[in-house]
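The opening residue of the sequence shown carries number 154 in the numbering used here; numbering runs sequentially from there.
For every residue, glycine included, the Cβ atom is placed at its ideal position computed from N, Cα and C.
Every value quoted in this text rests on a predicted model; they were computed, and no experiment measured them.
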Amino acid sequence: MFGGGRKKNDDSQSLSSVMSPENAPASKGKGGNVMGFDPEGLERAAKAARELDASRNAASAIELIKTQEVTKQHEASAKRAEMEAYTVQQRSQNIEREAEEARKTLDAQTQHERHRAEYMDELERKRQVDMLNAQKYMQEEQLKKQEEMVARQEEMRRKTAEHEAALKTKMELAKAQAQADGRIRQERENHDLILEKLKQEAAEKRDTPVLRSELGGGLLKQDWENRVLSVKQAASVLDNWQNNRSKRRNVCLELALKKRMP
């Protein structure tokens with residue numbers, strides 16, 4: 154094909170044997186997948202190698218192909234290294250992302266716990282305030298009941314004292330009235346006794362023969378008139394004394410009532 158016969162060389166390898174599928178480089182990645190392997194390209198290369206076997210430049214072509222294969226292997230290795238670095242980077246980013254999510258979750262939990270603690274503290278303070286207000290209300294109600302009871306007791310004592318004072322005043326008035334009535338009755342009896350005694354004395358003197366003979370009718374009449382006048386004067390004095398005594402007694406009773414009134 155290249156215008157010359159194939160040169161035999163025991164130390165050299167034919168291009169077709171090098172590029173045959175069974176001698177193709179087996180470069181596998183992770184999971185058993187072949188990295189950088191192109192079957193069609195390999196077939197074309199094998200066909201070209203068979204055509205180049207008869208050429209004088211077959212050895213150079215083989216070296217070139219080997220160099221290209223080594224370059225491809227290096228590129229595949231570099232790509233694998235790049236993929237591994239990318240995988241490591243992704244893992245690192247995943248770890249950082251998971252750490253950030255964990256931090257956010259922890260922050261959220263901390264904030265939730267803080268809000269819950271604040272809410273519970275607020276509830277406790279409100280419960281304490283409600284309890285204090287209830288105690289204050291109960292104390293005020295108890296004090297109000299005690300004040301009402303004391304007021305009722307004071308009212309009962311006041312009414313009792315007023316009733317006792319009224320009874321005592323009534324009894325004292327009745328006693329004073331009875332004493333006054335007794336004194337008036339006694340004084341009237343004494344007045345009647347005195348008047349009766351004066352009348353008896355006048356009658357005795359009038360009926361006495363000595364009086365009739367010595368004084369005569371005119372003297373007796375004059376003496377009788379004098380005695381009657383004396384009796385009237387005595388009765389008038391007695392009435393005035395009784396009236397003044399009654400007035401003094403009434404004034405004393407009024408003063409006593411005023412002192413006992415609350």
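Beta-carbon within less than 7 Å of residue i's beta-carbon, same chain only, minus the 5 sequence neighbours each way: which residues are those?
i    : result
T258 : none
Y272 : none
E251 : none
E235 : none
K146 : With the chain covering only 154 through 415, there is no way to say anything about residue 146.
Please go through the same chain and pick out, in chain order, the residues whose beta-carbon is closer than 6 Å to the beta-carbon of residue i, but skip the five residues on each side of it.
i    : result
L368 : With a pLDDT of only 48 at L368, under the threshold of 50, the placement of this residue in the model should not be trusted, and no figure is reported.
Helix, strand or coil for residue i per DSSP?
i    : result
L364 : With a pLDDT of 48 at L364, under the threshold of 50, the modelled position of that residue is not reliable, and no figure is offered here.
S180 : Note that S180 scores 44 on pLDDT, short of 50, meaning its location in the model is unreliable and no value can be drawn from it.
D164 : For D164, the predicted structure reports a pLDDT of 39, less than 50, and the residue's modelled location is therefore unreliable. A value from the coordinates is still provided. Reduced to three states, the DSSP call for D164 is coil.
L373 : With a pLDDT of 49 at L373, under the threshold of 50, the modelled position of that residue is not reliable, and no figure is offered here.
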